[in-house]
Amino acid sequence: RAKSEGRDTWRFYEEAMGMEARARRLMEHELRHAVARNEFRLVYQPQKKLDTGETIGFEALLRWSNAERGNVSPAVFVPIAEESGIIVPIGEWVLRTACEEAATWQKPVTIAVNVSAIQLHSPSFVHTVHEILLQTGLSPSRLEIEITETALVRDMTRALTTLRQLKALGVHIAMDDFGTGYSSLSNLRAFPFDKIKIDGSFIKQVDTNEQAATIVKAVLGIGRGLGLPVLAEGVETSEELKFLAGEFCQIGQGYLLGRPGPIASLDEGSEAEQARESDAA
Ligand code: C2E
Ligand code: MG
Ligand code: MG
Ligand code: MG
514 RAKSEGRDTW RFYEEAMGME ARARRLMEHE LRHAVARNEF RLVYQPQKKL DTGETIGFEA
574 LLRWSNAERG NVSPAVFVPI AEESGIIVPI GEWVLRTACE EAATWQKPVT IAVNVSAIQL
634 HSPSFVHTVH EILLQTGLSP SRLEIEITET ALVRDMTRAL TTLRQLKALG VHIAMDDFGT
694 GYSSLSNLRA FPFDKIKIDG SFIKQVDTNE QAATIVKAVL GIGRGLGLPV LAEGVETSEE
754 LKFLAGEFCQ IGQGYLLGRP GPIASLDEGS EAEQARESDA A
């Protein structure tokens with residue numbers, strides 16, 4: 514009896530795995546055609562100086578929707594696009610679209626673009642970035658590439674070469690989700706970062722939770738010591754904002770400061786309008 518139960522459990526497990534694998538393959542297949550079918554768009558979330566409230570940049574965030582699925586969160590489809598390598602052409606579309614868009618803005622603020630590990634390590638990446646900058650006419654210093662530590666550890670030597678080549682183009686590099694990866698401190702020393710983005714999980718309750726506060730203060734100290742500006746992600750409450758400003762965190766990003774949205778123009782009025790729109794995730 515125990516034996517047949519075990520077999521049933523196994524069969525159930527196998528079936529579940531098969532279904533999951535099929536679902537992933539289906540999504541992969543749809544993602545392959547999503548650029549050509551115009552199913553992607555970008556939303557932009559403001560990054561603001563905490564002392565003046567001035568918008569100094571926007572992060573481009575990818576959105577995917579089609580008739581069958583509606584909106585799919587990047588937390589779901591980006592990992593599948595990464596695993597299958599489709600993130601490389603998708604990421605190129607993101608870069609080109611974001612740079613094209615930013616080149617039309619009146620105020621020369623930064624455009625931050627997320628780049629995945631495989632994309633960063635793809636042989637033509639630096640060339641693609643260079644070409645996109647030339648084609649769109651965007652000043653390289655306005656482009657900031659956001660990478661997570663996972664993108665670095667795969668092949669450190671190669672990652673370092675690529676980041677140096679990007680820096681030589683004049684492009685800036687931000688470390689995204691700082692604190693959630695591993696060996697963060699040695700990475701900060703080894704790689705030519707221009708900015709540290711503290712992960713939103715540390716910002717939550719920074720005003721009420723002693724541990725979170727201690728970690729955030731330590732990161733701000735590291736940033737100061739290394740001469741790197743620190744951006745706090747996921748700022749949601751005025752208490753969090755007050756804490757961060759009090760600790761001299763330079764930049765903030767989060768629902769409190771502005772939700773990701775479409776950009777019509779950069780004047781304050783339309784930005785406030787976008788802030789009222791819900792995050793179209
Ligand atoms: P990320 O780069 O760390 O982006 C920040 C995420 O936090 C975004 O989620 C943003 O909408 C969300 N967020 C902003 N403010 C708040 C807040 O106050 N509270 C909370 N709870 N969340 C906030 P989103 O847009 O769903 O993107 C999730 C992740 O997907 C991104 O994390 C990034 O890793 C990835 N991603 C998004 N767009 C792209 C892309 O174009 N290429 C690649 N490779 N990855 C992307
Ligand atoms: Mg990011
Ligand atoms: Mg992040
Ligand atoms: Mg993230």
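Residue numbers (the UniProt record's numbering): 514 to 794. Ideal Cβ placement from N, Cα and C applies to all residues, glycine included. These figures come from a predicted structure and were not determined experimentally.
Cβ-Cβ distances below 6 Å link Arg582 to nothing in the same chain once the five nearest sequence neighbours on each side are left out. Relative to the non-hydrogen atoms of ligand 2, the Cβ of Asp689 comes within a distance shorter than 7 Å of at least one. According to the DSSP assignment, Trp606 belongs to the alpha helix (DSSP H) that extends over Ile600 to Ala616. Rounded to whole angstroms, the separation of the alpha carbons of Ser714 and Phe525 is 36 Å. A direct Cα-to-Cα measurement between Trp523 and Met532 gives close to 14 Å. About 6 Å separates the Cβ atoms of Ala630 and Arg667, confirming a contact at the 8 Å cut-off.
Within the same chain, and ignoring the five residues on either side of Thr663 in sequence, the residues whose Cβ sits closer than 8 Å to its Cβ are Ala630 and Gly694. Taking a cut-off of 8 Å for Cβ pairs, the region 646-659 and the region 727-735 do not touch, as fewer than three such pairs fall below it. Counting the other CB atoms within 10 Å of its CB gives Asn551 a total below 16, which places it among the exposed residues.
DSSP places Val556 inside the beta strand (DSSP E), whose first and last residues are Phe553 to Lys562. Taken in chain order, the complete alpha helix (DSSP H) segments of 4 residues or longer contained in the region 609-684 are 630-634, 638-649, 663-666 and 669-682.
Under a 10 Å Cβ-count criterion, Ser751 is classified as exposed, with fewer than 16 other Cβ atoms of the shown protein chains found around its own Cβ. If you look at Glu753, you'll find it in the alpha helix (DSSP H) that goes Ser751 to Gly759.
Relative to ligand 2, the beta carbon of Asn627 is positioned inside 7 Å of a heavy atom. The Cβ neighbour count for His546, taken over all protein chains shown within 10 Å, is under 16; the residue is labelled exposed. A Cβ-Cβ separation of about 5 Å places Pro653 in contact with Leu682 under the 8 Å criterion. Shown here, Ala580 sits in coil according to DSSP, grouped into three states, outside any helix or strand.
Here DSSP, grouped into helix, strand and coil, assigns Lys730 to helix.
Taking all protein chains shown into account, Glu527 has fewer than 16 neighbouring C-beta atoms within 10 Å of its C-beta and is therefore exposed. When beta bridges are read from the DSSP output, Thr568 appears opposite Lys561.
Rounded to whole angstroms, the Cβ separation of Leu555 and Ala611 is 6 Å, and the two are in contact under 8 Å.
With contacts defined by Cβ atoms closer than 8 Å, Ala687 and Phe706 form a contacting pair. Between ligand 3 and the CB of Glu746, the shortest heavy atom gap is smaller than 7 Å. In this structure, the straight-line span from the alpha carbon of Ser597 to that of Glu541 is close to 7 Å. A straight-line Cα-Cα distance of about 38 Å links Val642 and Gln718. Arg772 counts as buried, since no fewer than 16 other beta carbons sit within 10 angstroms of its beta carbon. Sequence-distant partners of Glu595 (beyond 5 residues in either direction) whose C-beta falls short of 8 Å from its own C-beta, in its chain, are Ser629, Ala630 and Ile631.
Around the Cβ of Asp690, a 10 Å sphere holds 16 or more other Cβ atoms; the residue is buried.
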